[in-house]
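Structure first, then comments.
Residue numbers (this note's numbering): 262 to 492.
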């Protein structure tokens, strides 16, 4: 029986993949069909000995490989607000990284693709223009709890207050019909109030302040009428 020869390269050797001119480290050595094959940089592909050469012995041109680490602040499904768009809410539906390289300069731009919650309008913005409102896991619950039910048609500021009242009344009616318990309705309205308070403190938008006033009136009505609210 012929004694198996030793592999030309061992794990940890720095080699050049000659067909590409790229450099890597041997991360595994396998015996396959009577020959040694090599894994480089934990890649899925395997190279035979003729495709590799030790870097110290290689006299061809080596192509430099750049490793770029990008830290993303937002992810698909996140609920965000955009600078210049007031209290409008958007969902992240995609993102990409644009890599710029010049002789004297280099940078990376992260671009996010958004869809507005109110009407689905598509928007592309840079990372610095976004503020996180809720992560993807809690975004839908956040919208429902706040009662941010936007109309498809754009409306004037003067019509927003009655619509907000209708939203709170609807939430109140549905909650009473489903739960039939005063305490749960009050707890729900308090949760909504606290969420809007946080939004108002963050963005100082008067629409949030209006909602807080409407909710306080509803709570006062519930307490004064011993839970017999009128829708």
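Cβ coordinates follow ideal geometry from the N, Cα and C atoms, glycine included.
Straight-line gap, residue i to residue j (C-alpha atoms, nearest Å)
i	j	result
residue 317	residue 275	8 Å
residue 395	residue 469	16 Å
residue 283	residue 277	6 Å
residue 369	residue 361	6 Å
residue 483	residue 443	8 Å
residue 480	residue 405	19 Å
residue 297	residue 381	56 Å
residue 273	residue 286	6 Å
residue 379	residue 354	15 Å
residue 331	residue 292	37 Å
residue 418	residue 377	Its pLDDT being 41, under 50, residue 418 is placed unreliably in this model, and the value from its coordinates should be taken loosely. Taking the straight line joining both Cα atoms gives about 18 Å.
residue 311	residue 383	52 Å
Spatial neighbours of residue i in its chain, beta-carbon cut-off 6 Å, leaving aside the 5 residues before and after
i	result
residue 409	For residue 409, the pLDDT reaches just 42, beneath the cut-off of 50, and the residue's location in the model is therefore unreliable, although a value from the coordinates is still provided. Taken in chain order, the list of residues that qualify is empty.
residue 319	277
Candidates the options: closest to residue i by CA position
i	options	result
residue 477	467, 456, 451, 468	451
residue 403	340, 349, 389	340
residue 398	291, 352, 332	352
residue 281	304, 288, 313, 294	313
residue 309	383, 270, 346, 319	270
residue 466	345, 289, 401	345
residue 337	379, 287, 400	400
residue 268	383, 471, 315	315
residue 279	301, 295, 449	301
Cβ shell of residue i (< 7 Å), same chain only, five flanking positions each side left out
i	result
residue 473	454, 457, 458, 461
residue 372	356, 357, 359, 385, 387
residue 334	388
residue 367	361
residue 447	480, 483
Residues near residue i by beta carbon distance below 8 Å, same chain, minus five either side
i	result
residue 342	348, 349, 350, 351, 391, 392, 394, 464
residue 265	292
Start and end residues, alpha helix (DSSP H) containing residue i
i	result
residue 467	467-485
residue 457	443-464
The beta strand (DSSP E) enclosing residue i, as first and last residue numbers
i	result
residue 384	383-387
residue 309	307-309
residue 313	313-315
residue 346	Taken as a continuous stretch (DSSP letters only), residue 346 belongs to no beta strand (DSSP E), as it is neither H nor E.
Those residues which DSSP pairs with residue i across a bridge
i	result
residue 374	355, 385
residue 340	352, 395
residue 279	Per DSSP, none; premise fails for residue 279.
The ligand GTP heavy atom lying under 6 Å from the CB of residue i
i	result
residue 352	The ligand content of the structure shown is nil, which means the ligand GTP is not present either.
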